[in-house]
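Colleague: A single structure is presented below for examination.
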Amino acid sequence: MAIKAVFFDIGNVLLRFSNKRILRKFAWAVGRHPVKVARHIWKGRIVDRIERGEVTSEEIHGLFVSELGYKGDYARFKTLWCDHFTLDRGSFSVLKNLSERMPTYLLSNTNALHIDHIRSRYTFPSLVKGAILSHEVHLRKPQKEIYEAALKLSRTAPEETVFIDDLEENCAGARKAGLHAIRYRGAKDLKKRLAALGV
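The sequence shown runs 61 to 259 under my numbering.
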């Protein structure tokens, strides 16, 4: 069956970033060791709550103040929180070319602060037909329901739909929901794998 829609993840697909670098920045900002900051963030479900949209942008700042001892104001926090993305020109080129001939979408675990920043800095959000964003639907990859929400948005059958992500667990979740999934390993490999699906 022909492919009728392609969903792109954002982080480390369309935009490159390093969790280690982000942790180092936050650790420096709160005066703690990066390992301690990482342990606190993941044990305390901070990232999970943020990406499910359970807290507002202002409350994200509040969480870092109350739970990690961050002392900067909200404006400074926004810069710290958002200023670490770099466009992946290869995947952007693939998305741009695909968008000219078929519906493309975003499917990402993210938050309002990041999305506002991304929309103000990059053009790719304007190229896609729509987006499933974790903080808006209150679901996170690799939950089955988030892929079902994606299919509802694109109005395509699972076998007509491709999902591209950098993490194998998210690709596995998409495959369980019946979608074709490609783990992103660079634009050259992505083009080859899309071509194999007739895209």
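Heads up, the beta-carbon is just placed ideally off N, CA and C, and yes, glycines get one too. Just so we're clear, the structure is a prediction, and the values are computed from it rather than from any experiment.
Output needed for residue 181: all residues of its chain with C-beta closer than 8 Å, excluding positions within five of it in sequence on either side, in chain order.
Modeller: Here the question's residue 181 lines up with position 121 in the sequence shown. Within the same chain, residue 181 has close Cβ partners 145.
Colleague: Closer than 7 Å by C-beta to residue 170: which residues in its own chain qualify, once you throw out the five before and the five after it? Chain order, please.
Modeller: Along the sequence shown, read from residue 1 onward, the residue named residue 170 stands at position 110. 70, 111, 193, 194 and 195, listed in sequence order.
Colleague: What did DSSP end up calling residue 139 once you bin it into helix, strand or coil?
Modeller: Within the sequence shown, residue 139 is the residue found at index 79, counting from 1. DSSP places residue 139 in helix when its eight states are reduced to three.
Colleague: Touching or not, the segment 84 to 92 and the segment 124 to 137, by the rule of three or more beta carbon pairs under 8 Å?
Modeller: yes
Colleague: My guess is that residue 225 and residue 241 are in contact by the Cβ rule of under 8 Å, so how many angstroms apart are they, rounded?
Modeller: As a first step, residue 225 is located in the sequence shown; it is residue number 165 there, counting from the start. As a first step, residue 241 is located in the sequence shown; it is residue number 181 there, counting from the start. Confirmed, Cβ separation roughly 7 Å.
Colleague: Quick one: residues in its chain with C-beta nearer than 6 Å to the C-beta of residue 67, no 5 flanking neighbours on either side, listed in chain order?
Modeller: Taking the first residue of the sequence shown as position 1, residue 67 is located at position 7. Result list for residue 67: 165, 167, 210 and 223, in chain order.
Colleague: Residues in its own chain within less than 7 Å of residue 121 by CB, not counting five upstream and five downstream?
Modeller: As a first step, residue 121 is located in the sequence shown; it is residue number 61 there, counting from the start. Here the set comprises 134 and 137.
Colleague: Nearest to residue 199 by CA position, among 98, 148, 108 and 154, is which residue?
Modeller: Residue 199 sits at position 139 when you count from the first residue of the sequence shown. Comparing Cα positions, the closest option is 108.
Colleague: Straight-line CA distance for residue 246 to residue 105?
Modeller: Here residue 246 refers to the residue found at position 186 of the sequence shown. Here residue 105 refers to the residue found at position 45 of the sequence shown. Spanning the two alpha carbons is a distance of roughly 30 Å.
Colleague: Going by the beta-carbon positions, is the gap between residue 234 and residue 208 smaller than 8 Å?
Modeller: For the purposes of this step, residue 234 is taken as residue 174 along the sequence shown, with counting starting at 1. For the purposes of this step, residue 208 is taken as residue 148 along the sequence shown, with counting starting at 1. Going by beta carbons, residue 234 and residue 208 fall outside the 8 Å limit.
Colleague: Measuring straight from C-alpha to C-alpha, what distance separates residue 255 and residue 115?
Modeller: Here residue 255 refers to the residue found at position 195 when the sequence shown is read from its first residue. Here residue 115 refers to the residue found at position 55 when the sequence shown is read from its first residue. Looking at the two C-alpha atoms, the distance is approximately 40 Å.
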